[in-house]
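Let me begin by presenting the structure, written as structure tokens, before commenting on it.
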Amino acid sequence: MTTNSERLIKTEFHLHTAETSPCGKVPARELVRAFAAAGYGAMVVTDHYLPGMFESRETRGLFLKGYREARAAAEGMEFTVLPGMEFRFAAADNDFLIYGMEEADFPALPEDLCGYALPDFHAYCRDHGFLVFQAHPFRPWCQVQDPAYLDGAEVNNGNVRQENNNALALAFARRHRLLEVTGGDVHQLSDIRKNALFVPETLLTPRGIVEYLRAHPKVGPEFEETLQE
Numbered sequence: 137m138t139t140n141s142e143r144l145i146k147t148e149f150h151l152h153t154a155e156t157s158p159c160g161k162v163p164a165r166e167l168v169r170a171f172a173a174a175g176y177g178a179m180v181v182t183d184h185y186l187p188g189m190f191e192s193r194e195t196r197g198l199f200l201k202g203y204r205e206a207r208a209a210a211e212g213m214e215f216t217v218l219p220g221m222e223f224r225f226a227a228a229d230n231d232f233l234i235y236g237m238e239e240a241d242f243p244a245l246p247e248d249l250c251g252y253a254l255p256d257f258h259a260y261c262r263d264h265g266f267l268v269f270q271a272h273p274f275r276p277w278c279q280v281q282d283p284a285y286l287d288g289a290e291v292n293n294g295n296v297r298q299e300n301n302n303a304l305a306l307a308f309a310r311r312h313r314l315l316e317v318t319g320g321d322v323h324q325l326s327d328i329r330k331n332a333l334f335v336p337e338t339l340l341t342p343r344g345i346v347e348y349l350r351a352h353p354k355v356g357p358e359f360e361e362t363l364q365e
């Protein structure tokens, strides 16, 4: 429960580091400095968890490298770094943003997780307290997934190099009463724009983010104005 007087923290929900994501162009420490300079106070590191890269216990530890670099860079600053991931199955090129994961949850992920079907993956996440959002569901190469096995959808993706069709994503989320998230999908410094959400300071933990998203199911009118971008 939050109060009206509680400080709200500008938070990025979708970003990639050069240490972990093949598409990331900016080292994690530089991202922390850049986000802080842009007025952010928190970020969820959602590096790509891709088939064939992190299934074994040995390689899975490498997945957190970007997150850990970012967290180390934020020490001594009023800036919070949280872990998450952008997950992809082996069978298709759809992406899913996963929120609510603690650092200790990653070593316990099943080695065959990328081979799961979405219903089984969603059940695994539900049982562990994670939320599953389909990322940029209306990009031309994506396939919109069964909303019965989604907690939410990314309704405003800020990556200007992609055809996101954000208005379609918003309509899809609201038609099926899904939770909504907005994110910069930051790969390079110029991607840091206006796609933040404002999270109460006391909820800036992995489990707190889940509570926040459930309590604020809609992104708000300030983002609806930009959905055609």
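The opening residue of the sequence shown carries number 137 in the working numbering; numbering runs sequentially from there.
Note that CB positions come from ideal geometry on N, CA and C, so glycine has one too.
None of these values were measured; they are calculated from a predicted model.
{"Asked": "In whole angstroms, what separates the C-alpha of residue 336 from that of residue 255?", "Found": "31 Å"}
{"Asked": "Given a threshold of 16 other Cβ atoms within 10 Å of its Cβ, counted over all protein chains shown, does residue 231 qualify as buried or as exposed?", "Found": "buried"}
{"Asked": "Decide yes or no for the touch test of the segment 166–181 against the segment 207–215: beta carbon pairs closer than 8 Å, at least 3 of them.", "Found": "yes"}
{"Asked": "What first and last residue would you give for the alpha helix (DSSP H) that runs through residue 332?", "Found": "First-last for residue 332: undefined, no H or E at that position."}
{"Asked": "Would you please state the rounded distance, in angstroms, between the beta carbons of residue 288 and residue 269? I believe it to be under 8 Å.", "Found": "4 Å"}
{"Asked": "State the start and end residues of the unbroken beta strand (DSSP E) segment that holds residue 178.", "Found": "178–181"}
{"Asked": "So, at 7 Å on beta carbons, what are the nonlocal neighbours of residue 353 in its own chain, with the 5 sequence-adjacent residues on each side left out?", "Found": "315 and 316"}
{"Asked": "From the DSSP secondary-structure annotation, give me the bridge partner or partners of residue 185.", "Found": "223"}
{"Asked": "Less than 8 Å between the CB atoms is what I'm expecting for residue 228 and residue 187, so what's the real figure, rounded?", "Found": "The Cβ separation is near 10 Å, so there is no contact."}
{"Asked": "Mind checking which residues open and close the beta strand (DSSP E) that includes residue 146?", "Found": "144–148"}
{"Asked": "Okay, do the segment 269–282 and the segment 296–308 touch, 3+ Cβ pairs below 8 Å being the bar?", "Found": "yes"}
{"Asked": "Which residue from 181, 195 and 252 puts its Cα closest to that of residue 204?", "Found": "181"}
{"Asked": "In the DSSP assignment, the beta strand (DSSP E) including residue 356 goes from what residue to what residue?", "Found": "Careful: residue 356 lies outside any beta strand (DSSP E) and carries neither H nor E."}
{"Asked": "Kindly give me the distance between the Cβ atoms of residue 156 and residue 202, rounded to whole angstroms, as I take these residues to be in contact under 8 Å.", "Found": "4 Å"}
{"Asked": "Within 10 angstroms of the Cβ of residue 142, are there 16 or more other Cβ atoms? Answer buried if so, exposed if not.", "Found": "exposed"}
{"Asked": "Measuring only the C-alpha atoms, how far is residue 266 from residue 319?", "Found": "18 Å"}
{"Asked": "Here's the rule I'm using: 16 or more other beta-carbon atoms within 10 Å means buried, otherwise exposed. How should residue 160 be labelled?", "Found": "buried"}
{"Asked": "List the endpoints of the continuous alpha helix (DSSP H) containing residue 202.", "Found": "201–210"}
{"Asked": "Run through DSSP, which three-state label would residue 266 get?", "Found": "coil"}
{"Asked": "If we count the other Cβ atoms within 10 Å of its Cβ and call it buried at 16 or more, is residue 195 buried or exposed?", "Found": "exposed"}
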